[in-house]
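Asker: Taken in order, these protein sequences are the chains called A and B. Oh and the first sequence: position 138 is 1234 in our numbering, straight run, nothing missing. Oh and the second sequence: position 7 is 26 in our numbering, straight run, nothing missing. Every residue, glycine too, gets a C-beta built ideally from N, C-alpha and C.
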Amino acid sequence: MSDDDRLLELDDVDAYYGESHILRDVSLGVAGGEVCALLGRNGAGKTTTLRAVAGARPPEVRDGRISFKGEDVTAMEPEDISARGISLVPEERRVFPNLSVAENLHLAEVSENASNTVGRSLGQVQVEHVGMTTEQVYEEFPRLRERNSQQAGTLSGGEQQMLAIARALKQNTDLLLLDEPYEGLAPQIIADVEDAIRRISESGTTILLVEQNAVAAMDIADRCYVVDQGSIVFEGTATELREDDETRERYLGV
Amino acid sequence: MSDEPTETADATEEGGAVVERERTEREFPSWERVRESELFVIAITTVALAVFPWLFARAPVISGVLQGYQDLATLIVIWGIFAMGFNLLLGYTGLLSFGHAAFWGGAAYAAGVFSTHVSSSPLLIILAGTAFAALLAWALGFVALRRGGIYFAILTLAFGQMAYYMALSPLSGITGGENGYTGVELAPLLGSFFLQYPVPGLDWLVGTWTYVLVGVVAVVCVAAANRILHSPYGMVFRAIRENDQRAEFVGLNVWRYKLMAFVISGTLAGVAGSLFTIYSAYVPVQSLYWTTSGEVVIMAVLGGVGSLFGPILGAGIYLYVENVISGVQQLTLPFTGPGEYVTLVQEPVVLLEGFGAYWHLILGLVFVAVIVLFPRGIWGLFEDAAGAVRRLGSDH
């Protein structure tokens, strides 16, 4: 991967939760179109990395630079980062439980309009990837159409995950950040979510996912990073990681 | 994607089951349906507000049992607007403000001062008071919304009390200090209708022109609030109430939407405050005191924060207990004693002497009972009951 291909790039990022130093000189790059997995044990700093990219506080990024499409987004507000085409699907309950499925999806349109306004006013955002229409989303996830008037909180865990991903896809998402997409899901459902992620990737959206379930993540990832105690300890393709027994045993326990 | 019609789902769903189609339509109603339902809300509100003073103050039997009177009907509608506006913030956006007295009282003072020095036209007075409240809400919201949760509540409380003490002493040259503002001047409505006069031909129904003015403004406020809540703004407000950080990740500028909700809410409080000045031709300094903010919280929660009309009902119940129940000397069994329309026994059966003095306690008990038994408020209880009846009906 040459540096020019990089859609997202983290350069020696140091991030803190209060006084605790969580990320230490994290550098990583995600190329346009690939599925990249960030693996590691609980507390290694995976989620912190995603939150830093999405602009969530905490963590506080005190040093280093996060750039997206060549633009420095390190100190930006979450909604401005979202306007530039990065969507975060956070872990656990990812939807608005008391809004209906249709309303959850509709929110994306409202915010996208807001985002375009931001883009116009800054004059530097290019909307390359236009989001899916409601109809395309329903084609992709038929279960959501069946349940569109139901409150999102009444969906199963897998359906909620699908809904969160679907909402992200309705926005002009160039980079989809998935935090533990398989967490708490039954193996059969994991396969469904995997399918969905693959299809999204094939449609041209770049994906950076964080996962504790390293085996499942290696199945769909093109490249993997392994994080341990806030530092990157491995970088390579999924095949290379599969063959690197020492790294897998030492940092991932598989 | 902004030009993509939201009805896509039902338009292309020909193959789907009929049930599914209906569900979709309910979710994304066509424009005609929105208009219909909006007209429906306005019509129902108009009819209810037109009949209310008659039912409350003049209807046979009912008004006798209720012991309502015209002025209280007017006051209930004014506070109803206040509570409804307050609830846009508490019920729909999930922000608890303890400083809404600043908007109510601030608008009341602004309306009063305007009536003395600029124009005494009732409509212009309302506009002036409301504009003042909107600006004040924008300024206070700009600062108070920097913090969330309990800190937001404390900040608004502090600002409200600041307004109270400002009016009490440093600004007493304008506000009249402890005596309140007494210089309110009121010209006839539209130059020809004296507010305190009965409406010719309709005085049996609506009473005075004051009530007509208050009622019409209330209908406009309900229509505006209803429109806002059914727009994407309403949906975003509810999303923020559920989880504001998640809303940020969806790409919503949460802070801006919160400020918007705060300003809309403060503006409606300002409409109500201006009407209060017209209603009482006087502004007491207590209108800025924190208890006013507390009262509107109680009204909203009592009536039900999950609905548009609940807080209006809550305002009615609160003021009824405060003004009518508090005046009841003895608690007697219904339909006993000579003063009733329907009398079974001439001799009243007294249950409790000096009953009215306990009105705070009664209100407290009602409040606790509602919170414990019906967390969605009295309106929520009505909705549940209506739902149960409908289910019973559809079983057959």
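Indicate the three-state DSSP secondary structure (helix, strand or coil) for residue 1221(A) in the structure shown.
Answerer: In this prediction, residue 1221(A) scores a pLDDT of 42, lower than 50, which makes its location untrustworthy; the coordinate-derived value is nonetheless stated afterwards. Coil, per DSSP.
Asker: Starting from residue 1125(A), trace the beta strand (DSSP E) both ways and give me its first and last residue.
Answerer: That run of the beta strand (DSSP E) goes 1116-1127.
Asker: Can you check the stretch 254-304 of chain B for any alpha helix (DSSP H) of at least 4 residues that lies completely inside it and give the ranges in chain order?
Answerer: The qualifying runs are 263-268, 273-299.
Asker: Mind checking who residue 1332(A) pairs with in its DSSP beta bridge?
Answerer: Answer is 1320(A).
Asker: Under a Cβ-count criterion, where at least 16 other Cβ atoms within 10 Å of its own Cβ denotes burial, should residue 141(B) be classed as buried or exposed?
Answerer: That one is buried.
Asker: Around the Cβ of residue 1257(A), are there at least 16 other Cβ atoms within 10 angstroms (buried) or fewer (exposed)?
Answerer: Its Cβ being crowded by 16 or more others within 10 Å, residue 1257(A) is buried.
Asker: Does the stretch 122-137 of chain B come into contact with the stretch 296-310 of chain B, if we say contact requires no fewer than three beta-carbon pairs (one atom in each stretch) closer than 8 Å?
Answerer: Contact holds: three or more Cβ-Cβ distances are below 8 Å.
Asker: Quick one: give me the first and last residue of the alpha helix (DSSP H) that residue 171(B) is part of.
Answerer: Where residue 171(B) is concerned, the enclosing alpha helix (DSSP H) stretches over 168-187.
Asker: Contact defined as beta carbons within less than 8 Å: I believe residue 164(B) pairs with residue 274(B). What is the distance between those atoms, to the nearest angstrom?
Answerer: So it is a contact: roughly 6 Å between Cβ atoms.
Asker: Do the CB positions of residue 244(B) and residue 101(B) come within less than 9 Å of each other?
Answerer: Against a cut-off of 9 Å, the Cβ pair of residue 101(B) and residue 244(B) comes out as no contact.
Asker: Have a look at the DSSP bridge pairing and note the partners of residue 1303(A).
Answerer: BP columns for residue 1303(A) point to 1131(A), 1272(A).
Asker: Between which two residues does the beta strand (DSSP E) harbouring residue 1278(A) extend?
Answerer: No beta strand (DSSP E) contains residue 1278(A), which DSSP labels as neither H nor E.
Asker: For residue 197(B), which residues of its own chain have a beta-carbon under 7 Å away from its beta-carbon, when the five flanking residues on both sides are left out?
Answerer: These residues qualify, in order along the chain: 187, 304.
Asker: At what residues does the alpha helix (DSSP H) containing residue 122(B) begin and finish?
Answerer: 120-136 is the extent of the alpha helix (DSSP H) around residue 122(B).
Asker: Classify residue 267(B) as buried or exposed, calling it buried when 16 or more other Cβ atoms lie within 10 Å of its own Cβ.
Answerer: The residue in question, residue 267(B), is buried, as its Cβ has 16 or more Cβ neighbours within 10 Å.
Asker: So with CB distances below 7 Å, who are the chain B contacts of residue 1267(A)?
Answerer: Result: 270.
Asker: What does the alpha-carbon distance come out to for the pair residue 370(B) and residue 217(B)?
Answerer: Taking the straight line joining both Cα atoms gives about 39 Å.
Asker: Give me the Cα-Cα distance between residue 1159(A) and residue 1234(A), rounded to the nearest whole angstrom.
Answerer: Each residue's alpha carbon lies about 42 Å from the other.
Asker: Figure out for me which residue from 412(B), 352(B), 349(B), 334(B) has the closest Cα to the Cα of residue 386(B).
Answerer: Residue 334(B) is the option with its Cα nearest to residue 386(B).
Asker: From what residue to what residue does the alpha helix (DSSP H) around residue 234(B) run?
Answerer: Note, residue 234(B): alpha helix (DSSP H), 228-248.
Asker: Cβ of residue 150(B) within 9 Å of Cβ of residue 129(B)?
Answerer: Yes. Within cutoff.
Asker: Beta carbon of residue 99(B), beta carbon of residue 237(B): below 9 Å?
Answerer: Going by C-beta atoms, residue 99(B) is nearer than 9 Å to residue 237(B).
Asker: I'd like to check one pair, residue 324(B) with residue 109(B): are the Cβ atoms closer than 9 Å?
Answerer: Cβ atoms of residue 109(B) and residue 324(B): closer than 9 Å.
Asker: Output needed for residue 341(B): all residues of its chain with C-beta closer than 8 Å, excluding positions within five of it in sequence on either side, in chain order.
Answerer: Within the same chain, residue 341(B) has close Cβ partners 378, 382.
Asker: Closer than 8 Å by beta-carbon distance: list the chain A residues that pair up with residue 279(B), in chain order.
Answerer: Near residue 279(B) there are no residues of chain A at all, since even the closest Cβ is about 12 Å away, more than 8 Å.
Asker: Do residue 1251(A) and residue 1241(A) come within 9 Å of each other at the CB atom, strictly closer than that value?
Answerer: Their beta carbons are not under 9 Å apart, which means residue 1241(A) does not touch residue 1251(A) by this criterion.
Asker: Does residue 245(B) come within less than 9 Å of chain A when only Cβ atoms are used?
Answerer: Judged by the 9 Å Cβ criterion, residue 245(B) is not in contact with chain A.
Asker: Shorter than 9 Å from the beta carbon of residue 255(B) to some beta carbon of chain A?
Answerer: Cβ-Cβ to chain A under 9 Å: yes for residue 255(B).
Asker: Comparing the C-beta of residue 412(B) with each C-beta of chain A, is any distance below 9 Å?
Answerer: Output row for residue 412(B): interface = no.
Asker: Starting from residue 351(B), follow its DSSP beta bridges and name the residues at the other end.
Answerer: DSSP lists 369(B) as partners of residue 351(B).
Asker: Could you tell me which uninterrupted beta strand (DSSP E) segments, each at least 3 residues in length, are contained entirely in the stretch 1227-1273 of chain A, listed from first to last along the chain?
Answerer: Listed in chain order, there is nothing to give.
Asker: Near residue 345(B), which residues of its chain fall below 8 Å by C-beta distance, leaving aside the five closest residues on each side in sequence?
Answerer: So the list reads 375, 376, 378, once near-sequence residues are dropped.
Asker: Under the assumption that residue 1126(A) contacts residue 1146(A) (Cβ atoms under 8 Å), give the Cβ distance between them as a whole number of angstroms.
Answerer: Not a contact, Cβ separation roughly 11 Å.
Asker: In this structure, does DSSP put residue 1176(A) in helix, strand or coil?
Answerer: Correct three-state label for residue 1176(A): helix.
Asker: Run the CB neighbour count on residue 232(B), radius 10 Å, all protein chains shown included, and call it buried at 16 or more, exposed below.
Answerer: Counting Cβ neighbours within 10 Å, residue 232(B) comes out buried, since at least 16 surround it.
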